[in-house]
Each structure stands twice: as structure tokens, then as C-alpha cells.
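See below for the structure under consideration.
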Amino acid sequence: MKKALRFLSIVLVVVIISITVHVFTDGMLLPNAPSAEQVERIVLSRSDSPEDQKERAEAKFIDLACSLFGYLRFVPFAAPKEDGDTITISFYRKDGTVQTVTAGEHTVIWQGKSHALKQPGQFYKLCSTIFFAEVVE
Numbered sequence: 616m617k618k619a620l621r622f623l624s625i626v627l628v629v630v631i632i633s634i635t636v637h638v639f640t641d642g643m644l645l646p647n648a649p650s651a652e653q654v655e656r657i658v659l660s661r662s663d664s665p666e667d668q669k670e671r672a673e674a675k676f677i678d679l680a681c682s683l684f685g686y687l688r689f690v691p692f693a694a695p696k697e698d699g700d701t702i703t704i705s706f707y708r709k710d711g712t713v714q715t716v717t718a719g720e721h722t723v724i725w726q727g728k729s730h731a732l733k734q735p736g737q738f739y740k741l742c743s744t745i746f747f748a749e750v751v752e
């Protein structure tokens, strides 16, 4: 019995260390990300040109917007920086609720909380290029 407890405690310590290393090297994913099957339409806007708002209901754009959440990994316990220009995506779900994510070069705001991005600029540049047909350097 004593050997089994010792073995389990060693396994537990190794698992905790592995998870900690993974989170600090790859960042954490945002919780409760919408899935494409749950989303009816998306509305995209940019802070630098609010009149340039795009609404998409096509499955390929909804799937693409949901897939881009993989680029919104954040650094736990890091203070978010102030961003200039941001992109906002509102996900209108089939059950009538709306989820909104806003991201800039360094910060993402999701469910009312700001987080520092693990890979600054990736999400912003991808969204600008894909949805607004503009290459951002």
C-alpha cells in the first residue's frame, strides 16, 4: 500500500510539472470558445474604422472565425498591455446569446477579462488579412 501511494504521488508531481511547463511555453486557450455548429452569424469590426463593419453568415467564415481562437493563447498572470487598434468579432449563437472577443496586437478581451497574448500580433494580422483583405506589417 505504501509503495502504491508513493508511486501515485510521484506520478501526480510529474503531471503537475508537465502541465505547468506546457502552459508557460504554449500559453492557455481562452475558455468557452464558440464552436462553428453553435454560431448562426458573425459580425466583425475594427476600432480604426468602425463604419467598416462586416456581417457574415456563410459557414466557411463562421468556421474560420471559430478556428482563429487557437491563436488567442494567453499568458497566465501577465499584465495586459494597452493596444491601439483592435478587431472585434461578435458571435451570434443559435440560442440567441452573443459572445464577443476583442483583440489587438498584445491584448485580448474575452468575457470581460483582459489577457496578455502569448503570440502578439498574430490574431490581429490574420483577421485583418482574411476578413478585411488588408496586409498588416
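Positions in the sequence shown are counted from 1; adding 615 to them yields our numbering.
For every residue, glycine included, the Cβ atom is placed at its ideal position computed from N, Cα and C.
Around the beta carbon of Ala680, 16 or more other beta carbons lie within 10 angstroms, which makes this residue buried. Residue pairing by DSSP places Met643 opposite Phe689 in a beta bridge. Remark: C-beta atoms of Val690 and Lys728 do not approach each other more closely than 7 Å. When DSSP states are grouped into helix, strand and coil, Glu652 belongs to the helix group. With the rule of 3 Cβ pairs closer than 8 Å, the segment 699-714 counts as touching the segment 656-674.
For Phe706, the pairing in a beta bridge is given by DSSP as Ile657, Gln714. Measuring C-alpha to C-alpha distances from Lys709 to each of Val716, Ser650, Ser633, Lys740 identifies Ser650 as the nearest. Of the other Cβ atoms in all chains shown, 16 or more fall within 10 Å of the Cβ of Ala718; this residue is therefore buried. Setting aside the 5 residues that flank it on each side, Tyr686 is surrounded in the same chain by Gln734, Gln737, Phe738, Leu741, each with a C-beta closer than 7 Å to its C-beta; the list follows chain order.
In the assembly as shown, Gly642 is a buried residue. Its beta-carbon has 16 or more other beta-carbons within 10 Å. Remark: C-beta atoms of Thr722 and Asp698 approach each other more closely than 7 Å.
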